[in-house]
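*Asks:* My questions will all concern the structure given below.
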Amino acid sequence: MRVCVIGTGYVGLVTGACLAHTGHEVICVDNNEEKVKTMKAGRSPIYEPGLSEIMTGAIQNGKIEFTTDLEAGVSHGDVLFIAVGTPPLPTGESDTRYVEAVARGIGAHLKQGYKVIVNKSTVPIGSGDWVRSIVLDGIAEREKSLVGAGKTGEDLVEHIEVEFDVVSNPEFLREGSAVYDTFNPDRIVLGSNSDRALTMMQELYAPIVNREVAENKELPPVPVVMTDLCSAEMIKYAANSFLATKISFINEVANICDRVGADVTQVAKGIGLDSRIGNKFLNAGIGWGGSCFPKDVSALVHTADDYGYDAQLLKSAVEVNQRQRLMALEKLQQELKILKGKTIGLLGLTFKPDTDDMRDAPSLVLIENLNRLGAKVKAYDPIVSQTGLRSGLSGVYVETDPERLADSCDALVLVTDWQQFADLDYAKMAKLMNSPIMVDGRNFLDRTALEAIGFRYVGIGH
Ligand code: UDX
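Going by the working numbering, the first residue of the sequence shown is number 85, and it counts up by one from there.
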């Protein structure tokens, strides 16, 4: 099928590249010329394992193209994905102006024939109908300008006789395993009030549904959940809010464990074996961050507020998370008492491993508060230390390797559970420190091994 993906952020680029890999003819549109140049050369502008390989393969097979030309993209695609950003506003609502501009642009460039317009961006509930109305506005504006320019006949008819439907198709991919998640999804959600559109979407996803590109091809087909537009939009918010709440729940249990002397990792194992609870997303730590959880939970709280409903559980999940980010600070104060003049080393800066994403990273809150209390902050992160990302950070000196980080530190805090942090030379690092204290913000390190080499080990609920 012919596909156009508008917006090449995490979601758009991964969707475009993966659909091209399954054999569709894809054009990705982005208004950033530099980015388009980079992608044309087969390079991914984001750090995402496996993505550059998929892009290069698709370019070589002639399955994917990159352009800044929206009109060319719209005329190419039978299915048009809107995958632009919806960043959070200070109020907690999503900023939908980019979605609006794209929907209007699609309307302006639609020509004769049938198109399916897919909302891949995480838009507020109810946006499906709104997108439809904006596309119609775009069509009307274009019509007016054509008539104003004296166009008649074919030009006009071609523009007026357009047919389209809107589909909500939320994504559930995790940064760092976005390509894997796209090819091995737990489910695909398609929301629309049009059977014709849903049939086309099923055809589009058939290679993924039938496990043609899955790691395990023997698995039964991927379940496809078909709903109305609004329910599909709600599924995205409910899923992310549930997962965020689950983490806040285990973090709250961890804080109680700390007080009574229980071990949250054993508690998580004990409750996670109950199949009704499940063992995933029960790792206690210094809280959730990233581009999705904070934004989506706040947006759902906001939507509930708009309808006069006080979403107390979700508000609490957010509060627990805010408090949790300061838990490492509290533990440093318990160990070192006065933080003024002390040097603290952070292991990890990104909001989670295998990504270069710093959005809403717990490290940022920690840096800000350590600075406020007069501590000097250094950090080492496998990605941030090696890229230009460090220049955007303030209040922290980014070191180039873990040993330089440890040098003269009064304590280390493990902020991100990068796999390589499991095997650092901690014995050597301990010798370089003023006092070998390790606050393990992810309960990730081997406590016994660290204690054996002289570290004072402090976990979360551990
Ligand atoms: C998430 C959802 O998982 C994905 O389905 C959605 O589409 C986008 O949001 P992502 O933000 O990439 O994906 O990260 P995820 O792996 O879910 O982790 C989110 C945050 O929760 C991270 O800060 C992580 O460190 C934290 N986390 C996760 C925990 O603190 N404990 C856990 O047990 C799991």
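Cβ coordinates follow ideal geometry from the N, Cα and C atoms, glycine included.
None of the values given here were measured: they were computed from a predicted structure.
(1) Pick out whichever of Leu433, Asp438, Asp440 and Tyr464 has its Cα sitting closest to the Cα of Val449.
(2) If Ser159 sits next to His108, beta carbons under 8 Å apart, how far is it from one beta carbon to the other, in whole angstroms?
(3) Excluding the 5 residues flanking Lys415 on each side, which residues of the same chain have their C-beta closer than 6 Å to its C-beta?
(4) Would you say the stretch 513-521 touches the stretch 495-504, given that touching needs at least three Cβ pairs under 8 Å?
(5) So Ile166 is in the beta strand (DSSP E); what residue range does that whole segment cover?
(6) Can you name the residues that DSSP bridges to Phe248?
(7) Whose C-alpha, out of Val499, Ala322, Leu430 and Asp179, is nearest the C-alpha of Phe256?
(8) Determine the extent of the beta strand (DSSP E) in which Arg86 is found, giving its start and end residues.
(9) Between Cys102 and the ligand UDX, is the CB less than 7 Å from at least one heavy atom?
(10) What's the call for Leu397, buried or exposed, on a 16-neighbour Cβ count within 10 Å?
(11) Can you tell which of Thr206, Phe377, Asp249 and Gly237 has the C-alpha that lies nearest to the C-alpha of Ser217?
(12) Taking 7 Å as the cut-off, does the CB of Gly374 come closer than this to any heavy atom belonging to the ligand UDX?
(13) Leaving out the 5 sequence neighbours to the left and right, which residues in its chain are closer than 7 Å to Leu173 when beta-carbon positions are compared?
(14) Should Asn116 go down as buried or exposed, given a rule of 16 or more other Cβ atoms within 10 Å for buried?
(15) What does a CB cutoff of less than 6 Å around Thr329 pick up in its chain, not counting 5 residues either side in sequence?
(16) Please list, in chain order, all residues of the same chain as Cys112 whose beta carbon is under 6 Å from its beta carbon, the five residues on each side excluded.
(17) Using three-state DSSP, classify Pro208 as helix, strand or coil.
(18) Flag Asn324 as yes when its Cβ comes closer than 7 Å to any non-hydrogen atom of the ligand UDX, and as no otherwise.
(19) Among Ser469, Gly479 and Thr152, which residue has its Cα nearest to the Cα of Lys121?
(20) Apart from the five residues just before and just after Tyr481, which ones in its own chain have a Cβ nearer than 6 Å to its Cβ?
*Replies:* According to the structure data:
(1) Selected option, being the one with the closest Cα: Leu433.
(2) With 8 Å as the limit, Ser159 and His108 do not qualify as a contact, their Cβ atoms being about 16 Å apart.
(3) The beta carbon of Lys415 lies closer than 6 Å to those of Val523 and Val542 in the same chain, with the five residues before and after it left out.
(4) The stretch 513-521 vs the stretch 495-504: in contact.
(5) Where Ile166 is concerned, the enclosing beta strand (DSSP E) stretches over Val163 to Ile166.
(6) Looking at the DSSP assignment, Phe248 forms a beta bridge with Lys199.
(7) Residue Ala322 holds the alpha-carbon nearest to the alpha-carbon of Phe256 among Val499, Ala322, Leu430 and Asp179.
(8) Residues Arg86 to Ile90.
(9) In this structure, Cys102 has its beta carbon at no less than 7 Å from each heavy atom of the ligand UDX.
(10) Looking at its Cβ environment, which holds fewer than 16 other Cβ atoms inside 10 Å, Leu397 is exposed.
(11) It is Asp249.
(12) Yes, the beta carbon of Gly374 sits closer than 7 Å to at least one heavy atom of the ligand UDX.
(13) So the qualifying residues of the chain are Asp179.
(14) It counts as exposed.
(15) Residues of the same chain with a CB within less than 6 Å of the CB of Thr329, apart from the 5 flanking positions on each side, are Ala401 in chain order.
(16) Cβ neighbours of Cys112 beyond the five flanking positions: Val89, Thr92, Gly100 and Phe150.
(17) Correct three-state label for Pro208: coil.
(18) At a cut-off of 7 Å, the beta-carbon of Asn324 counts as near the ligand UDX: some heavy atom of the ligand is closer than that.
(19) Nearest to Lys121 by alpha-carbon distance, out of Ser469, Gly479 and Thr152, is Thr152.
(20) If the five residues before and after Tyr481 are omitted, its C-beta is found closer than 6 Å to the C-beta atoms of Lys462, all from its own chain and listed in chain order.
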